[in-house]
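Residue numbering for the sequence shown follows the numbering used here, beginning at 7 and increasing consecutively. Report on the following structure.
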Amino acid sequence: LEEALKSIGLECYLLNPHDLISGCCSLIQTGSNVRLIVSGDVVSPKVVYMASHWRCDCIARLPASVDHPGVYRSRIHQFMQDVRFAFEDAIWVPGRYECIERADSKIIMMKEASSVGLCTPVLTADSFTAPTCDSGSGLFRKNLGFPFLISLNKKKGYEVGVTVTNTHYDPQQHQNDDQPWQWQTAIKAVGQVRLYIVGQRVWSVCWKKQTNQSDIQDYRQANQIEERKILWEPCAIPQALADNVLNLMRKLGLTVAAPEFLLTKSGDYVFIDLNPCGD
């Protein structure tokens, strides 16, 4: 991305919250002026592009001198927050930080998606226990929050990377573990459709399930657990669907996203995620 921007004469700087120390970054306030210094250069951004969500909870590149990772991550988080507020008048892509956070809230996003005419799962719930569901396909138990993070393992006494996949809920197998989960009506699907949207432009691809795959199987389960080869092919989507997604993005204050849909046997597109920082 840096090379592409520089090739058309646009100056750019990379601010990597996973490795801020190597960028020699400083944020300095004097009087009514705030300066961001990156590798010795004073930077006053007109546009801030967030290639991914700031994940200060999963920073892996800890300096060797750091003995308290949680404290270090907290400080990095505050550093990025100070940068955010210092340049909040710039153009933010895909949108302001708070707009991205709101679009990552599945409960609110599904409510807004339904209001603009998109087909959504019957139920999405944040709860410690499985809600009552009359659907014949049951529920998916989904991770509440990001699917990957770094956490202290109390039994081992050190930090580990934790990845959580969405699972079709089985009341016999999934006992109450005193943790909040996100529950969603399982959708019987023959494939999955992904869009990529920049401004008013929409690209679309589709992955069709094989005959030996379950119609309620999750993409992440197929890709990461079963290690199936996933083939995405360009596809055409109804114009009304594209228009509704663009309306949703306007409502949420976003200009870039990678929405996902499950394609049912009857040809319905069921909206399941927006991915405001792309995917």
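Don't be surprised by glycine CBs; every beta carbon is placed ideally from N, CA and C.
Asked: Test item: CB-CB of C64 and Y275 under 9 Å; Found: no
Asked: The segment 108-124 touching the segment 247-265, judged by at least three CB pairs closer than 8 Å; Found: yes
Asked: Inter-residue spacing [alpha-carbon to alpha-carbon] between L155 and D110; Found: 16 Å
Asked: Host alpha helix (DSSP H) of F277 (start-end); Found: Not the alpha helix (DSSP H): F277 falls in the beta strand (DSSP E), residues 275-279.
Asked: Entirely enclosed alpha helix (DSSP H) segments - the segment 184-223, minimum 4 residues; Found: none
Asked: Whole alpha helix (DSSP H) elements within the segment 61-147, 4-residue minimum; Found: 75-92, 103-109, 112-121
Asked: Presumed contact (8 Å Cβ cut-off) between W209 and Q198, rounded CB distance; Found: Not confirmed; about 15 Å, so no contact.
Asked: Straight-line gap, A192 to D132 (C-alpha atoms, nearest Å); Found: 15 Å
Asked: Where V251 falls: helix, strand or coil (DSSP); Found: helix
Asked: Cβ neighbour criterion (16 or more within 10 Å) applied to T169; Found: exposed
Asked: Buried or exposed (CB count within 10 angstroms, at least 16 for buried), V246; Found: For clarity, residue 246 is Ala in the given sequence; the question names Val instead. By the neighbour-count rule (16 or more Cβ atoms within 10 Å), A246 is not buried but exposed.
Asked: Which residues DSSP lists as bridging Y3, in chain order; Found: Outside the displayed range of the chain (7 to 285) lies residue 3, so it cannot be described from this structure.
Asked: Limits of the unbroken beta strand (DSSP E) element including E8; Found: Premise fails: E8 lies in the alpha helix (DSSP H), 8-13, not in any beta strand (DSSP E).
Asked: Stretch-stretch touch, CB-based, cutoff 8 Å, three pairs: the segment 257-267 with the segment 92-109; Found: yes
Asked: Selected residue, minimal CA-CA separation from I236, among K194, A242, R200; Found: R200
Asked: Extent of the continuous beta strand (DSSP E) to which F152 belongs; Found: Careful: F152 lies outside any beta strand (DSSP E) and carries neither H nor E.
Asked: For Q35, the residue or residues it bridges with in DSSP; Found: V40
Asked: Assigned secondary structure, A242 (DSSP; H/G/I helix, E/B strand, else coil); Found: coil
Asked: Inter-residue spacing [alpha-carbon to alpha-carbon] between R41 and Q87; Found: 15 Å
Asked: Range of the contiguous beta strand (DSSP E) that encloses E266; Found: 266-269
Asked: Supposed contact pair N172 and V166 - C-beta distance, whole angstroms, cut 8 Å; Found: Going by Cβ atoms, the distance from V166 to N172 rounds to 20 Å, so no, they are not a contact pair.
Asked: Per-residue burial, I34 [other beta carbons within 10 Å of its own, 16 or more giving buried]; Found: exposed
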